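Under the numbering used here, the first residue of the sequence shown is numbered 327, with each subsequent residue one higher.
We treat Cβ as the ideally placed atom computed from N, Cα and C, and that holds for glycine.
Only a predicted model underlies this, so the values are computations on that prediction, with no experimental measurement involved.
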Amino acid sequence: MKTAVAPLAHEVPPAVQDDVVAELKEIYIEKGTPAFMRTVLALFCGGFATFALLYCVQPMMPLLSHEYSINAAQSSLILSVATGMLAIGLLITGPLSDRVGRKPVMVAALFAAALCTIASSMMPSWHGVLLMRALIGLSLSGLAAVAMTYLSEEIHPHHIGLAMGLYIGGNAIGGMSGRLITGVLIDFVSWHTAMLVIGGLALIAAAVFWKILPESRNFRARSLHPRSLLDGFTMHFRDAGLPLLFLEAFVLMGAFVTLFNYIGYRLLAEPYHMEQAFVGLLSVVYLSGIYSSAKIGSLADKLGRRKVLWSTIVLMLAGLALTMFTALPLVIFGMLVFTFGFFAAHSVASSWIGRRATKAKGQASSLYLFSYYAGSSIAGTAGGVFWHLGGWNGIGLFIGGLLLVALLVALKLAKLPPLPGTGATI
């Protein structure tokens, strides 16, 4: 079986292009094969565990504010500390995977994060909880940094949008399930018990991931020499498109996390006075993200990412506008549309990274996800200031500003000339 990475189309002499095409099935994982199913299922489990562990604390924030006598912005640290450490870890684990391999780093990351979550349920103090959440974020960077790179290396380029969409669908289900399980459980048991349940589920997902994910075939080890890392960093930021995609990740994730960080505070207060369990159940809006990530990812493969990305951000703006009304059905429908647009946009932008970066793909993915989780950490906490100053109107103003930046970036990306020999979708 061939193990060499297939050259790019523009690097192949015309006389041997037919031979290269004939060998693709021996190099890449094709859609419809058992290996494809194992890969997407494993990455689905990995995405599920990552987002369940990361965002299971979101519904707890009002409860934690009461239990520890802290305000909304301080309570948001239980998420922001994790995403902030995850962002920092990405700068380490991405290049590390370029040296030691993709699967070993991802497996170790999932097991470590699950065990740290179980440990966090036993912490006696707020600072102890925050410490464990920081370790969880640092651990999860090992999967978050590497999964996108693994897919871009192993899956046939014609199916990368679909595979990335299915992986992000796992993220959506994980985010929904983590919020849903803890949001409902904390009405009946302590938040400590809820964290134990999430940690146990993550251990099972980690075991499935370890057993079924195919070993890398196209991985080639790279040096961890600082000069090599600096050269890769410089190369990515000299590209016309990659820095824009990094910025896009920051503002999109910042907008998404801010909405879900503070919507619980709004719905628990007047005029709604909703039960905590019902607020937790609203996490089912993530189902729209599960559908949109795969569907729009596949659509972007056909129509081109530059034609699809900006329209998904318009959907997010429409969803945000609906949440500004008082009527509860409109608020819930707005959350649904907003979530649909976010996961679609993330699916398109993240798959674009793997196609745009021709070298040091692990480092490119790490920089994208560093920006993504930095947006979660910084904007997610900054939104608390807008909440205290202007309530939901303040949150709407803050998120709207972020999305307008995202839309301008997407329109600029749409005007970029494609890389030579890669087609209009790059």
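Are the CB atoms of residue i and residue j nearer to each other than 8 Å?
i: Thr359; j: Pro540; result: no
i: Gly525; j: Thr443; result: yes
i: Leu571; j: Ile481; result: no
i: Met490; j: Gly623; result: yes
i: Leu641; j: Val663; result: yes
i: Leu656; j: Leu648; result: yes
i: Ile404; j: Leu456; result: yes
i: Gly709; j: Tyr612; result: no
i: Leu608; j: Ile658; result: yes
i: Ala736; j: Ala528; result: no
i: Ala470; j: Leu695; result: yes
i: Ala603; j: Ala532; result: no
i: Asp627; j: Gly504; result: no
i: Met432; j: Ser676; result: no
i: Ala690; j: His562; result: yes
i: Ala620; j: Leu492; result: yes
i: Leu466; j: Ala435; result: yes
i: Ile507; j: Cys382; result: yes
i: Phe582; j: Ala368; result: no
i: Phe545; j: Glu601; result: no
i: Gly667; j: Ile639; result: yes
i: Ser542; j: Lys357; result: no
Mind checking residue i: buried by the 16 CB within 10 Å criterion, or exposed?
i: Phe370; result: buried
i: Val426; result: exposed
i: Phe437; result: buried
i: Asn587; result: buried
i: Met363; result: exposed
i: Met394; result: The question names Met, but residue 394 in the sequence shown is Tyr. Per the 10 Å Cβ criterion, exposed.
i: Ser692; result: buried
i: Met448; result: exposed
i: Ser451; result: exposed
i: Leu730; result: exposed
i: Leu733; result: buried
i: Lys687; result: buried
i: His484; result: exposed
i: Gly727; result: exposed
i: Ile538; result: exposed
i: Thr519; result: exposed
i: Ala595; result: exposed
i: Ala566; result: exposed
i: Phe651; result: exposed
i: Ser401; result: buried
Taking the alpha helix (DSSP H) that residue i falls in, what are its first and last residues?
i: Asp565; result: Counting along the chain, Asp565 falls outside any alpha helix (DSSP H), and DSSP gives it neither H nor E.
i: Gln602; result: Gln602 to Leu607
i: Cys382; result: Unbroken run through Cys382: none, as it is neither H nor E.
i: Tyr617; result: Tyr612 to Leu629
i: Ile444; result: Arg428 to Ser446
i: Phe545; result: Unbroken run through Phe545: none, as it is neither H nor E.
i: Thr652; result: Per DSSP, Thr652 belongs to no alpha helix (DSSP H) and is neither H nor E.
i: Lys537; result: Trp517 to Ile538
i: Thr475; result: Trp452 to Glu480
Helix or strand or just coil, what does DSSP make of residue i?
i: Ile512; result: coil
i: Ile355; result: strand
i: Ile396; result: coil
i: Ile588; result: Strictly speaking, residue 588 in this sequence is Tyr, with Ile absent from that position. Tyr588: helix per DSSP, three-state reduction.
i: Ala686; result: coil
i: Leu646; result: helix
i: Met449; result: coil
i: Leu742; result: coil
i: Tyr598; result: coil
i: Ser401; result: helix
i: Leu737; result: helix
For the 8 Å Cβ check, are there 3 or more pairs between the region 381 to 400 and the region 504 to 516? yes
Is the region 413 to 426 close to the region 708 to 719, with three or more CB pairs under 8 Å? no
Is it true that the region 609 to 617 meets the region 487 to 507, where meeting means three or more beta-carbon pairs spaced less than 8 Å apart? yes
Three or more C-beta pairs below 8 Å linking the region 402 to 411 and the region 703 to 711: yes
Is it true that the region 659 to 675 meets the region 566 to 582, where meeting means three or more beta-carbon pairs spaced less than 8 Å apart? yes
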